[in-house]
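Only one structure is covered here, and it is reproduced in the block below.
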Amino acid sequence: MKISPLFEINVALIAVCILNLSSISSIRFVIIFCILTGKLVKRSDQCRALLTASILFVTNEETIEPEILKCFRKCLKIANSVLDIALQLELYTDILSHLTLYVRYENEDINEIIRSLIMKINEKNNDTPLTELANKQFQNSLAFFRKSSINLEAE
């Protein structure tokens, strides 16, 4: 049985969470190493692995760690490089729904990413319609953002 590289990356990320490393810098090093080794994986899997990795940088504080923003910016860069518009739209909706986890921090950078993603999805959705599942995911994310009182001027 062949194990996918994405599975190996996820196992490594989970191992980081389980290991009791002595310092935060050691944990960050291992996390960043796991993220960077994802270059051998398909772009869509890279993007989803980064979305998963962004959760590892969440702290108990009420601020967004810079690494979380780096993960989302890298996800956007990867999604923009995908040539298949349908897959690109699916990745955009995945990123957008993942951003719902970070709304509570009321970070302007996160809100800007949300607005830009909504604008990109609406633009590309005119040419290539979203799949039924992606459309449902997009509508649920929009409803969540509206409930959270985020200004969705790009809508």
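Residue numbers (this note's numbering): 15 to 169. Note that the Cβ used here is the ideal one computed from N, Cα and C, for glycine as well.
Go through its chain and collect everything with a Cβ distance to CYS89's Cβ below 7 Å, but skip five positions before and after it. CYS61, LEU64, LEU65, ILE109
Under 8 Å, with one C-beta from each stretch per pair, do the segment 67–83 and the segment 94–108 reach the 3-pair mark? no
Please state whether DSSP places LEU144 in a helix, a strand or coil. coil
Using a Cβ-Cβ cut-off of 6 Å (strictly less than) and excluding sequence neighbours within five positions of TYR119, which residues of its own chain qualify? ILE78
Exposure of LYS161, with buried meaning 16 or more beta-carbon neighbours within 10 Å: exposed
What is the C-beta distance between LEU113 and ILE128, in whole angstroms, given that I count them as a contact (C-beta under 8 Å)? 5 Å
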